[in-house]
Every structure is written in C-alpha cells, then in structure tokens.
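Chains as they are written, first to last, in this note's numbering: chain A, 1 to 90; chain B, 91 to 508.
Quick look at the structure:
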C-alpha cells in the first residue's frame, strides 16, 4: 500500500487516489505551429524510466484535486508532493 | 541433440537419469555475431529459433541479463487465444494458434498445449450485441467463435453465480473453443533447447550496458561480459524496453507497468476452461495441479517493482468472487507480479526503427504469452529480410504518428478508460 501526502488533505492511502501519468509532459503551445512529431510526443511518447519519476495523481476520493508526486518507480518511495500549479524544481 | 521420446526416457531410467545431455550450453560470448537478440524470454528465444529454422541464420546470440524464462514468460497466466475483432490482431493471433497446435512436435518438447476453450462472459444486452459482432468478425477471419446464451453458459460453468439478485447477472458469453493454455516454462525451455541445438549462443547473466551506433546504424552492443560486434540487433525486452530505449536516445509510446497474478491452493477439478469476467477485468483457469490461476488489472501506475500491491489484488479478487462465489473459500497460495510494456493503444509493436539494423519487439501489454510463437516468427522474418511481414504490418511504430491506432479494446496504460 502506498501512502501519499496530499498537499491539501495530508497523508492518505493510495485507495483514495487515481493515477494520471507523467507530470513533466508539456502540452504544445497552441498559438504556434505544432508539428505532428510534437503532438506524437505529447500524446503518446513517454520516458517511463526506472527510478525517480514525477507523476500526476488525483485525490479522487478526497479533495478531488490533481497533485504532483515524485516517486521511485522501483521502490515506490515517495520523496515529494506538490499542488498541481506548483512548478517542479529541477 | 538427444531426441526426447519414450525410448530415451526408458533408456535413461535404466542409468538412473545420470546421462541426459544438457538442454542448452553455457557459452562465453564471441566477439562477433550476425544477429544479437536482447532478452532471453519467450519472444527472444522464439525469435532465435525461427531465425535458425526458417532463415538459416545460426550465428546468433541471445543476451539475457538474468536467466532465460525468468521474466514474463515465467510469470503469466498461460492463456492462449485469438478472439480478436480487428484483422491485424486476428490474423496474427490465428497464425500463432497454428504454431501452438504443432509446437510440442516441432520442438520435441511437451509444452502441454491444452485447447480447453475460453469464455468471455457478458453481463448486459449491449455486451451480448458487442460479442455477437466480435464473434462474427472472428468467424470471417476463420477463427472459431460461439455465442452462448445464459443457459448454455450455465451448463459449462455451473459454479458461476447464476442467482437472480446479483449486481452483474450473466447474460451469456462468447466462447472460442480452440483457445486454451500451455505450460509456460516448457515453451521457453523448448525454444531454448532447439535454438541451442542449431548453433544459437544463449548467454545468461549478461547485461546490456550500451550500444555502438554510428551514422544511423548499429555496429555493436556493449555488455557486462564484453563488447560484441553485430550488424543486426533485435530488442525483445518487455518490461525493460524503456530502459534500453533511453540508451538509444529513443522515446517510445510505452509506459512500464506492473501486472499481478495469483494462484489458490490446489483443489479437485472444478473448471475445465478459461473464463473472463465481463464487467471488470478478471480471468481464471485451473492448472493441471489444481490451483485456480487468476489475474486482472494493472497496479495502475508506472512500476519496475516486479512485486505487487494489495489494493489491486483485492479489487481483482472481489471481481472473481462476484463471478464465482466459491473462490472466497479458497486460501491463496502465491501472488506475484511482472513488469509489462503498456503501449498507448493496447497493441504491440514489431517493427524496424529509424536506426538501421535495430529491430523492435515490444508493447505486449496483457497478451504477450499467447503471442510467443507468432511474435518470434514474424520478428525473425523482419530481422532476416529487413522487411516487415504482412502479419505484423499492423504492429508498426509509425502508427502512433500517423493515427492508425490498433485500438482493439483501447486498453493501454490508462486502465480506467475501459
């Protein structure tokens, strides 16, 4: 069982959350010319590496907010969580 | 190579089974090969076998980080089927069914292929309509499909919940009588033994650390047991595809996820086929040892852990008990997990890449085991001829860019979409 710290509600069990995938993917800017390759990368292509991974979760059975979580994909250790609008510091 | 038969069994029994040949050798890697297959799982071993058998390419090495058959070919629920609607999936899988039927003879190894049938249960009128459509599509492609009503299903699986007051009543089901199961380890070992006998080097405990790529083509591979010069490399590393793609500066339409399975304590024969729950994701069969073999959804988030989490197991088994209430009385014997390549449309990729001499076989999602022979056969063709075969033309890498998705069930990385 994972325990995820929701920045709005505090520590909660994984049962309350729904997963939303890689949080570092950026939607292409709509007011610029967007190539097929850019769309392809945005919609489908993912690094999905072993180790630290920033990802989106939704606290679906809680505050229903989307949050960002930094988790290790091999050990499931969670290092950090942020609100959806907070930038990931590199 | 020693042929396995009743005579060799008797002969070796007389000498206390001390004189059997090794099933495969343990060679040290050579400096150069014609083809290197990375990944000694079912697909990699099958690919090497068909390279040698169909294309007479025998200067081949299989490089495996762990031991052969230690990944998903040893972790699956052994289901073999071709009950697909889309032509690309149906024709590919049905080609595989033919290879399955002949496999024990071809490999001189008993893979215990058991065509015991699969039933997908339907729990609404709409689902019955959908199954009728899928069944018709299957029959048009020469695959056997039978639409069963509630009473016909009850005759085959009377232990399922047919009471009136259930949340998901059984309306009927779609059956593929020729589907079944096989002994998964035997598939890996059978392919390994035959490939080895034709000259393929099976190199275990050898990790790929990098690739030698220059001017857009493959020149070699770097491993923990030395550098190997090679012009053609086939990647067959489901679960680790993203890690090797990173070393090649490629980003693929794949996420790595964890899928769990479990078996109950062994019980007397109760279920003689494979059954899937239609109102969720749960499948069950009974092994020859009597264990109920069960599986279902992904854990749902990117994972390389190779072990599962309890909430998903609880969710999956709740579905199982809803379908067959007697399961609640059984004790769990084992649970385990394997890491999957989850492609974005739920269909696999067998294709060439933008790097000359690099071939990709990945993205098998939930259905890698049944595809083992067809995947090996078509991947061997793609590597040997440097050309995609008609059977795997739908499994192109390009389809995500061009929009020709093969969304049979649309069940890719986002399990909640279904």
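Beta carbons: idealized from backbone N, C-alpha and C, even for Gly. If you're wondering where the values come from, they're calculated on a predicted model, not measured in any experiment.
Hey, is residue i's beta-carbon within less than 9 Å of any beta-carbon in chain A?
i                      : result
residue 333 of chain B : yes
residue 345 of chain B : yes
residue 425 of chain B : no
residue 239 of chain B : no
residue 508 of chain B : Note that residue 508 of chain B has pLDDT 49, beneath the 50 cutoff, so the model's placement of it is unreliable and the number below is only indicative. For residue 508 of chain B, the answer is no, since every Cβ of chain A falls outside 9 Å of its Cβ.
residue 336 of chain B : yes
residue 503 of chain B : yes
Can you confirm whether residue i, when its beta carbon is compared against all beta carbons of chain B, has any partner nearer than 9 Å?
i                     : result
residue 85 of chain A : no
residue 73 of chain A : yes
residue 80 of chain A : no
residue 2 of chain A  : yes
residue 14 of chain A : yes
residue 18 of chain A : yes
residue 76 of chain A : yes
residue 21 of chain A : yes
Buried or exposed for residue i, please, with buried defined as at least 16 other CB atoms from any protein chain shown within 10 angstroms of its CB.
i                      : result
residue 376 of chain B : buried
residue 441 of chain B : buried
residue 110 of chain B : exposed
residue 480 of chain B : exposed
residue 8 of chain A   : exposed
residue 453 of chain B : buried
residue 146 of chain B : exposed
residue 372 of chain B : buried
residue 87 of chain A  : exposed
residue 150 of chain B : buried
According to DSSP, is residue i part of a helix, a strand, or is it coil?
i                      : result
residue 301 of chain B : strand
residue 473 of chain B : helix
residue 408 of chain B : helix
residue 239 of chain B : strand
residue 372 of chain B : strand
residue 279 of chain B : helix
residue 221 of chain B : helix
residue 60 of chain B  : Nothing can be reported for residue 60 of chain B: it is not among the residues displayed for chain B, which extend from 91 to 508.
residue 73 of chain A  : coil
residue 508 of chain B : Because the pLDDT at residue 508 of chain B is just 49, under 50, the model does not fix this residue reliably, and the value given afterwards should be weighed accordingly. The answer is coil: DSSP assigns residue 508 of chain B none of H, G, I, E or B.
residue 444 of chain B : coil
residue 30 of chain A  : coil
residue 266 of chain B : strand
residue 383 of chain B : strand
First and last residue of the alpha helix (DSSP H) that includes residue i?
i                      : result
residue 143 of chain B : 132-145
residue 512 of chain B : No statement about residue 512 of chain B is possible, as the shown extent of chain B runs from 91 to 508 and does not include it.
residue 79 of chain A  : That residue, residue 79 of chain A, is in no alpha helix (DSSP H); its beta strand (DSSP E) goes 78-83.
residue 185 of chain B : 177-197
residue 292 of chain B : Segment 291-293 is the beta strand (DSSP E) holding residue 292 of chain B; no alpha helix (DSSP H) there.
residue 509 of chain B : With chain B covering only 91 through 508, there is no way to say anything about residue 509 of chain B.
residue 42 of chain A  : 36-43
Mind checking which residues open and close the beta strand (DSSP E) that includes residue i?
i                      : result
residue 313 of chain B : 307-313
residue 318 of chain B : 316-325
residue 5 of chain A   : 3-6
residue 333 of chain B : Counting along the chain, residue 333 of chain B falls outside any beta strand (DSSP E), though it belongs to the alpha helix (DSSP H) covering 331-337.
Quiz item: When you check each C-beta in the stretch 380-412 of chain B against every C-beta of chain A, which residues fall closer than 8 Å?
Solution: 390, 391, 392, 393, 394, 395, 399, 400, 401
Self-check item: Short-range partners of chain A found in the stretch 428-448 of chain B, where Cβ spacing is below 7 Å
Solution: 434
Self-check item: Near-chain A residues of the stretch 267-301 of chain B - C-beta to any C-beta below 8 Å
Solution: none
Quiz prompt | Against chain B: residues of the stretch 33-57 of chain A by CB proximity under 9 Å | solution = 36, 37, 39, 40, 41, 43, 44, 45, 46, 47, 48, 49, 50, 51, 53, 55, 57
Practice problem: With 9 Å as the C-beta to C-beta threshold (strictly closer), list the residues of the stretch 467-491 of chain B near chain A in chain order. | Solution: 490, 491
Quiz item: Taking any Cβ of chain A, which residues in the stretch 310-331 of chain B have a Cβ under 7 Å from it, in chain order?
Solution: none
Practice problem: Closer than 8 Å, Cβ to Cβ, to anything on chain A: give me those residues from the stretch 340-373 of chain B, in chain order. | Solution: 341, 342, 343, 344, 345, 346
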